[in-house]
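Enquirer:
Numbering (the numbering used here), first residue to last: 3 to 334.
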């Protein structure tokens, strides 16, 4: 059965917007998920939300973004706010989805996107420090395991918990194109074995906690083979950005019984919204392109927007969710 889901983010600026997004995903999607509403402020964004989970490292919010404090046991007010906000959101999930028995997805920012975004106490990104990025990945792995346990406690009837690890900055990390704090230089390339090892700690923690580890990367040149090698059992991509190698890796994943989430809808309002027929035909063309059996592919496919919907209008959000649901039903 082909499922419909979302990447994570929704438009909005307050708790009412989160509650509305949660009602929408629970009511319309086969694979509902914990919405993110980054318009509520930095503690609700993908970086702050994940730092709120990581209790082993303390961080505060600076004008340039998030920074580790170098202290322990005394999280700053913004990190406490991130933890509190996530707790409130999970309380809403527990209340609204108390009888949910199907799959459910949560999202966390991956170790390499965090390392490319968060600063060390003495300045510049964690990416510049081998030991710091190693500590971050290990702390994130521990936090993710605890997060899965918390979600499972709140949704005891759910038969499948998915953790989507978001890594939009990973291609830039591998290419050595992440800018330094000054903006005049670039951080050195991190080599694939180290990238795979750190990501593997996080994905392994997800699997060890009894959940299903996916990785989402909506950037061009997503290293899909590396992600599979690190332990991802699900790959979420922007279909329009895939190169020839990417198509092959996704086909191999489906043949191996893994999940592929195809981003088939734009994340911003399109000039001319596609119809259900257009979406279904696009997926069928992709299945033909990679030479998969349609029945086998339909069982392992998930349909989603290409990326988050935080920049979209409320009208397109609702339309896209309905479109994904109907297209997935047609493919099934």
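For each residue, glycine too, the CB sits at the ideal point set by N, CA and C. For clarity, every value in this text was computed on a predicted model and none was experimentally measured.
So, residue 4 versus residue 246, is the Cβ gap smaller than 9 Å?
Expert: no
Enquirer: In whole angstroms, give me the CA-to-CA distance for residue 179 and residue 58.
Expert: Within the model, the alpha-carbon separation for residue 179 versus residue 58 is close to 29 Å.
Enquirer: Assign residue 280 to one of two classes, buried (16 or more other C-beta atoms within 10 Å of its C-beta) or exposed (fewer than that).
Expert: exposed
Enquirer: Determine, using beta-carbon pairs with one atom in the stretch 103-112 and one in the stretch 74-86, whether at least three such pairs fall under 8 Å.
Expert: With a cut-off of 8 Å, the stretch 74-86 and the stretch 103-112 do not count as touching, because too few Cβ pairs lie within range.
Enquirer: Tell me, please, whether the stretch 141-150 touches the stretch 61-69 by the rule of three or more beta-carbon pairs shorter than 8 Å.
Expert: Contact fails: fewer than three Cβ-Cβ distances are below 8 Å.
Enquirer: Look at the alpha carbon of residue 51 and the alpha carbon of residue 43, and state the distance between them as a whole number of angstroms.
Expert: 10 Å
Enquirer: Over what stretch of residues does the alpha helix (DSSP H) that includes residue 173 continue unbroken?
Expert: 172-177
Enquirer: Roughly how far, in whole angstroms, is the beta-carbon of residue 122 from the beta-carbon of residue 200, given that I think they are within contact range, below 8 Å?
Expert: 16 Å between Cβ atoms; not a contact.
Enquirer: Just list the beta strand (DSSP E) runs in the stretch 244-323, keeping only unbroken ones of 3 residues or longer that don't cross its boundaries, in chain order.
Expert: 261-267 and 303-307
Enquirer: Which whole-angstrom value describes the C-beta separation of residue 8 and residue 311, a residue pair presumed to lie in contact below a C-beta threshold of 8 Å?
Expert: 7 Å
Enquirer: Enumerated in chain order, which unbroken segments of the beta strand (DSSP E) with a length of 3 residues or greater are wholly contained in the stretch 18-90?
Expert: 61-64 and 67-70
Enquirer: Give the range of the alpha helix (DSSP H) segment to which residue 132 is assigned.
Expert: 132-156
Enquirer: Does DSSP classify residue 182 as helix, strand or coil?
Expert: coil
Enquirer: Note down, in chain order, each residue of its chain lying with its Cβ closer than 6 Å to the Cβ of residue 87, except the 5 sequence neighbours on either side.
Expert: Once the five neighbours on either side are set aside, the close Cβ partners of residue 87 are 45 and 46.
Enquirer: Using a 10 Å radius around the Cβ and a threshold of 16 neighbouring Cβ atoms, would you call residue 214 buried or exposed?
Expert: Residue 214 should be labelled buried.
Enquirer: Tell me which same chain residues have a C-beta within less than 7 Å of the C-beta of residue 275, skipping the five on either side of it?
Expert: 321
Enquirer: If you run the structure through DSSP and keep just helix, strand and coil, what is residue 188?
Expert: Strand at residue 188.
Enquirer: Taking 7 Å as the limit between beta carbons, can you name the residues of its chain near residue 198, skipping five residues before and five after?
Expert: 228, 231 and 232
Enquirer: Return the first residue and the last residue of the beta strand (DSSP E) that residue 162 is part of.
Expert: 162-168
Enquirer: Could you give the first and the last residue of the continuous alpha helix (DSSP H) run that contains residue 115?
Expert: Per DSSP, residue 115 belongs to the alpha helix (DSSP H) from 113-119.
Enquirer: From residue 285 to residue 293, what distance separates their C-alpha atoms?
Expert: 12 Å
Enquirer: What is the DSSP secondary structure of residue 224, reduced to helix, strand or coil?
Expert: Three-state result, residue 224: coil.
Enquirer: On the premise that residue 218 lies in contact with residue 166, defined as a C-beta separation below 8 Å, what is that separation, rounded to the nearest angstrom?
Expert: 5 Å
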